[in-house]
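K.L.:
So the sequence shown is numbered by the working numbering: it starts at 707 and just counts up by one.
All residues carry an ideal CB built from backbone N, CA and C; glycine is no exception.
Just so you know, these numbers come straight off a predicted model, no measurement behind them.
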Amino acid sequence: MAKKISLREFQEHLAARLTSAAQGKASPALLGVQAGSDYWLLNLSEAGEIVPLPPLTPVPLTRPWFSGIANIRGNLYSVADFSALRGGDPTPLNAASRLLLIGARHGSNAALLVNRMLGLKNPDQFSDVAAPAENNQWEMGRVVDGDGREWKRLDVRALLADPVFMEIGA
707 MAKKISLREF
717 QEHLAARLTS
727 AAQGKASPAL
737 LGVQAGSDYW
747 LLNLSEAGEI
757 VPLPPLTPVP
767 LTRPWFSGIA
777 NIRGNLYSVA
787 DFSALRGGDP
797 TPLNAASRLL
807 LIGARHGSNA
817 ALLVNRMLGL
827 KNPDQFSDVA
837 APAENNQWEM
847 GRVVDGDGRE
857 WKRLDVRALL
867 ADPVFMEIGA
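1. Report the residue from E873, I775, A801 and N749 whose alpha carbon sits nearest the alpha carbon of T725.
2. For R804, name the three-state secondary structure that DSSP assigns.
3. Could you name the residues of the same chain whose beta carbon sits closer than 8 Å to that of D868, not counting the 5 residues immediately before and after it, in chain order?
4. Report the three-state DSSP secondary structure of V739 (helix, strand or coil).
5. In chain order, what residues of the same chain lie with their CB nearer than 6 Å to the CB of R859, ignoring the 5 residues before and after it?
6. Taking DSSP as the reference, what is the three-state secondary structure of D725?
7. On the three-pair Cβ rule with 8 Å, is the stretch 790 to 802 touching the stretch 818 to 831?
8. Kindly indicate which three-state DSSP category L747 falls into: helix, strand or coil?
9. Could you tell me the alpha carbon to alpha carbon distance between P770 and R804, rounded to whole angstroms?
10. For the alpha helix (DSSP H) holding L866, just list the boundary residues, first then last.
11. Buried or exposed: D787, going by 16 or more other Cβ atoms within 10 Å of its Cβ?
12. Excluding sequence positions up to five away, which residues of its chain have a Cβ less than 6 Å from the Cβ of T768?
13. Identify the residues that DSSP records as bridge partners of G875: which are they?
14. Where does L716 land, buried or exposed, given buried means 16+ other C-beta within 10 angstroms?
15. Sort D861, P734 and M872 by Cα distance to P829 and report the nearest one.
16. So, is V739 buried or exposed, given that buried needs 16 or more other C-beta atoms within 10 angstroms?
17. DSSP three-state label for A790, please.
18. With DSSP collapsed to three states, give me the class of P758.
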């Protein structure tokens, strides 16, 4: 039977792994998230911080996928609903929803709203599969896990450089 740990212990362990990855000390690892019905993997070194969903302040005259502004420890972050950005259903705002602060490493206060975090993943547990030709410029490819579930690889730098992502005005 698997050892049970508290949410606090998990978050502390994940924060330590994120810090190590940012300093280049960690072994290669991936962070798994669910956005809509899709599963995404991010390089842990680019994942940024994960925070529970704070109150969001709506911004008028913005695109439907722009969820608003979040105040995280006195810093304002623009929040994009990652599922809605890709044309999927809006992410439900519930206890499992999380913000992934992706832009800090690249000089941008951007955050992605996702359905839930799926934890750390070992790259060795995945096999490459052919990606369809119509994938986005910020999708680095696709992999499949041992259970046959397909995961998309997110290129954070390319997402932050995408003019569609950067233009929130309706």
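P.N.:
In short, the structure shows the following:
1. As a first step, residue 725 must be located in the sequence shown, where it is residue number 19. Nearest option by C-alpha distance: N749.
2. By one-based count along the sequence shown, residue 804 stands at place 98. In the structure shown, R804 sits in a strand (DSSP, three-state: E or B).
3. Along the sequence shown, one-based indexing puts residue 868 at 162. In chain order, N842, Q843 and W844 place their CB closer than 8 Å to the CB of D868, counting only its own chain and leaving out the 5 sequence neighbours on each side.
4. On the sequence shown, position 33 is the one that residue 739 refers to. Here V739 sits in strand by DSSP.
5. As a working note, residue 859 is residue 153 in the sequence shown. So the qualifying residues of the chain are L747, M846 and G847.
6. Taking the first residue of the sequence shown as 1, we reach residue 725 at position 19. One detail in the question is off: residue 725 reads as Thr in this sequence, not Asp. T725 falls in the helix class under three-state DSSP.
7. Touching, per the Cβ criterion.
8. For the purposes of this step, residue 747 is identified with residue 41 of the sequence shown, where counting begins at 1. L747 falls in the strand class under three-state DSSP.
9. Position 64 of the sequence shown, counting from 1, holds the residue named residue 770. Position 98 of the sequence shown, counting from 1, holds the residue named residue 804. The alpha-carbon atoms of P770 and R804 are separated by roughly 19 Å.
10. As a working note, residue 866 is residue 160 in the sequence shown. First-last of the alpha helix (DSSP H) with L866: V862 to A867.
11. In the sequence shown, the residue the question calls residue 787 occupies position 81. Only buried fits D787, as 16 or more other CB atoms lie within 10 angstroms of its CB.
12. Start at 1 with the first residue of the sequence shown, and residue 768 comes out as number 62. Cβ neighbours of T768 within its own chain (closer than 6 Å, five residues either side excluded): I874 and A876.
13. Looking up residue 875 in the sequence shown gives position 169. Listed as beta-bridge partners of G875 by DSSP are T768.
14. Position 10 of the sequence shown, counted from the start, is the residue given in the question as residue 716. With the sequence shown as reference, residue 716 is identified as Phe, and Leu is not the correct amino acid for it. Exposed: under 16 other Cβ atoms inside 10 Å.
15. The count along the sequence shown starts at 1 and reaches residue 829 at position 123. When each option's Cα is compared against that of P829, the closest is P734.
16. By 1-based counting over the sequence shown, the position of residue 739 is 33. V739 counts as buried, since no fewer than 16 other beta carbons sit within 10 angstroms of its beta carbon.
17. Here residue 790 corresponds to residue number 84 of the sequence shown, with the count starting at 1. Taken through DSSP and simplified to helix, strand or coil, A790 comes out as helix.
18. The residue given as residue 758 occupies position 52 in the sequence shown. Looking at P758 - three-state DSSP - the assignment turns out to be strand.
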